[in-house]
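Numbering-wise (our numbering), the sequence shown opens with residue 990 and increments by one. Even glycine gets a Cβ: it sits at the ideal position worked out from N, Cα and C. Only one structure is covered here, and it is reproduced in the block below.
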Amino acid sequence: MNRDELLRRAQSAVATRRQRALTLAKQNMDALYAENPRLAALENERIAAGAQLGRLAATGADDASLAEMRAMMDAFESEKQDILRLYPDTQPHFTCKKCSDTGRIDGEICTCVLDLVRAMRLAEVNESSPLELCSFDMFDLSKYPNEFSSELGTTVRAHMTGIYNFCRAYADSFDAKSAQSLYLCGYAGLGKTHLALSIAHKVLEKGYDVVYVSAQDAFDRIEKEKFGGGGETLSTMLSAQLLILDDLGTEYITPFVGSCLYSVINTRANKRMPTIYTSNILKDADLARRYTEKIVSRLLGSCEVLYFCGEDIRIMNSQER
């Protein structure tokens, strides 16, 4: 879902939290009044004194009489508050002490709402990806061969260490207004999704809105939403501060899907909104055959390309179990 919908849901959750706290406090207060007749008596006496004060003021009573009546009201209220202080549950206990669960401070959205938005987005990404299993600290560079590659001019491990360091620095310094887009390409099982999600984890922690979708699932949903009505997958992809489009090349290509892909690439590039693409397609010619030269030109022209190499880590891990 897009960020506006997440924000609406977070604000609704905070409002529900506030109402729950107020309702519970009132229930506790009503129960206390029922158990302690003195509270009701004090309240009635204060109200009666207030009415008497009004009558005295209306008839032009002297200041001393008015002051005496005000002192009586204050005494009733003070005794009542002394009793209530012994029962703190008669006051609402709000989750956020800063905004008292109103969701706003001085007209600005409270951080408690933004924290909820971030938690909802994190849960959404977790649901559609192995995010919990992906972090920079869990990325094992020892899985890459420490052998010299004439094609790379260095060892595979050194090459991948460079990519790892680049991705980590990218996440650490991420700014939605200036971050570049990335195209992570290489054969299956080389860590593309792992590093993309490691970036997502870091960027989410910074408070940015990150959307993760697999290409196959995203374009399937967009097509169903287009012809079935409803849905907001495309608008969510277009508006995310960081979009991760995983496994580009696995989706079923139709003219409609090609048009949607170009819309995502072009719109986000024009707005300078960073996108991370992962794909098993390495060669420009293979990309052009699958899509079109127009799509490929816009894609690669807007991205820093990172070539992954090595042996399939997923197969290696399964063999070690």
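Proximity winner among the options, relative to residue i (alpha-carbon distances)
i: Gln-1230; options: Asp-1206, Pro-1244, Val-1199, Glu-1221; result: Val-1199
i: Glu-1116; options: Leu-1173, Tyr-1201, Arg-1044, Ser-1291; result: Tyr-1201
i: Glu-1066; options: His-1082, Ala-1277, Glu-1034; result: Glu-1034
i: Leu-1184; options: Gly-1238, Asp-1129, Ser-1224, Ala-1038; result: Asp-1129
i: Arg-1257; options: Ile-1233, Thr-1144, Val-1246; result: Ile-1233
i: Ile-1072; options: Gln-1000, Gly-1096, Cys-1123, Met-1018; result: Met-1018
i: Asp-1206; options: Phe-1137, Leu-1021, Leu-1237; result: Leu-1237
i: Met-1061; options: Tyr-1076, Arg-1074, Leu-1021, Ile-1036; result: Ile-1036
i: Lys-1166; options: Tyr-1197, Gly-1049, Thr-1150, Lys-1191; result: Tyr-1197
i: Tyr-1176; options: Met-1109, Arg-1006, Asp-1301; result: Asp-1301
i: Ser-1268; options: Pro-1026, Arg-1007, Asp-1235; result: Asp-1235
i: Asp-1161; options: Arg-1279, Asn-1135, Lys-1195, Lys-1181; result: Lys-1195
Alpha-carbon spacing of residue i relative to residue j, whole angstroms
i: Val-1253; j: Gln-1080; result: 51 Å
i: Tyr-1241; j: Cys-1099; result: 43 Å
i: Arg-1287; j: Thr-1281; result: 10 Å
i: Ala-1158; j: Asp-1126; result: 13 Å
i: Phe-1163; j: Asp-1209; result: 30 Å
i: Ile-1094; j: Asn-1255; result: 38 Å
i: Thr-1239; j: Asp-1104; result: 34 Å
i: Gln-1169; j: Gly-1217; result: 35 Å
i: Arg-1310; j: Ser-1139; result: Confidence is the limiting factor: at Arg-1310 the pLDDT is only 48, short of 50, which leaves the residue's position unreliable and the question unanswerable from this model.
i: Pro-1244; j: Asp-1275; result: 18 Å
i: Ser-1118; j: Leu-1075; result: 50 Å
i: Leu-1042; j: Ala-1064; result: 14 Å
i: Pro-1026; j: Ala-1108; result: 46 Å
i: Thr-1005; j: Ser-1131; result: 49 Å
i: Ala-1038; j: Glu-1024; result: 24 Å
i: Gln-1008; j: Lys-1015; result: 11 Å
Beta-carbon contacts of residue i that lie in its chain and below 8 Å, excluding the five residues immediately before and after
i: Cys-1101; result: Val-1003, Thr-1084, Cys-1085, Lys-1087, Cys-1088, Asp-1090, Gly-1092
i: Leu-1045; result: Ser-1054, Leu-1055, Met-1058
i: Lys-1260; result: none
i: Gly-1247; result: Tyr-1280, Thr-1281, Ile-1284
i: Asp-1273; result: Val-1285, Leu-1289
Beta carbon of residue i nearer than 8 Å to that of residue j
i: Leu-1271; j: Cys-1174; result: yes
i: Leu-1193; j: Leu-1111; result: yes
i: Val-1106; j: Ala-1010; result: no
i: Val-969; j: Ala-1189; result: The requested residue 969 is not part of the displayed model; the chain covers only 990 to 1310.
i: Thr-1264; j: Asn-991; result: no
i: Ser-1187; j: Cys-1123; result: yes
i: Val-1145; j: Tyr-1133; result: yes
i: Tyr-1022; j: Leu-1013; result: no
i: Ile-1211; j: Leu-1223; result: yes
Same chain, Cβ closer than 6 Å to residue i, neighbours up to 5 away in sequence not counted
i: Glu-1068; result: Leu-1031
i: Leu-1179; result: Phe-1297, Gly-1299
i: Tyr-1172; result: Tyr-1266, Cys-1292, Val-1294
i: Gly-1220; result: Glu-1214
i: Gly-1049; result: none
7 Å CB neighbourhood of residue i in its chain, flanking five on each side removed
i: His-1148; result: Leu-1141, Cys-1298
i: Gly-1290; result: none
i: His-1082; result: Ala-1010
Distance cut-off 7 Å: residue i Cβ against heavy atoms of the ligand NAD
i: Val-1114; result: Of ligands this structure carries none, so the ligand NAD is not represented either.
Checklist entry - What runs of the alpha helix (DSSP H), each 4 residues or longer, lie entirely inside the stretch 1085-1145? => result 1100-1117
Next on the checklist: Suppose only complete runs of 4+ residues qualify. What are the alpha helix (DSSP H) ranges in the stretch 1142-1173, listed by chain order?
Outcome noted: 1145-1161
Checklist entry - Curious, which full-length alpha helix (DSSP H) runs of at least 4 residues does the stretch 1193-1250 contain? => result 1204-1217, 1222-1228
Checklist entry - Where are the alpha helix (DSSP H) runs, 4 residues long or more, that stay fully inside the stretch 993-1062, in chain order? => result 1026-1047
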